[in-house]
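According to our numbering, the sequence shown is numbered sequentially starting from 6.
Here a beta-carbon is modelled for each residue, glycine too, at the ideal position from N, C-alpha and C.
Data block below; observations after.
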Amino acid sequence: MASHPVSSGGRNAEAAESQMIALHDAAAVISVRPDYASPSAKMKAVAGLLKSGRFSMLVGESE
């Protein structure tokens, strides 16, 4: 890894850590819920959040 090239467009480690913590917290809330079918409005809201660009680490390199 010491010889791995660093790109000028590299991701900010602090921002990535913050995003991972937020996603982990959301997963923790979801994992304590009983099994049931989520309301479609809730699923659309979660999908919208994931696609919003707020979590840049979820955006692929090609996008």
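> Alpha carbon to alpha carbon, how far is residue 25 from residue 56?
Replying inline: 15 Å
> Rounded to a whole number of angstroms, what is the C-alpha to C-alpha distance between residue 43 and residue 27?
Replying inline: 21 Å
> Thinking C-beta only, is residue 62 closer than 9 Å to residue 21?
Replying inline: yes
>> Distance check for residue 51 and residue 30, CA to CA, integer angstroms please.
In response: 14 Å
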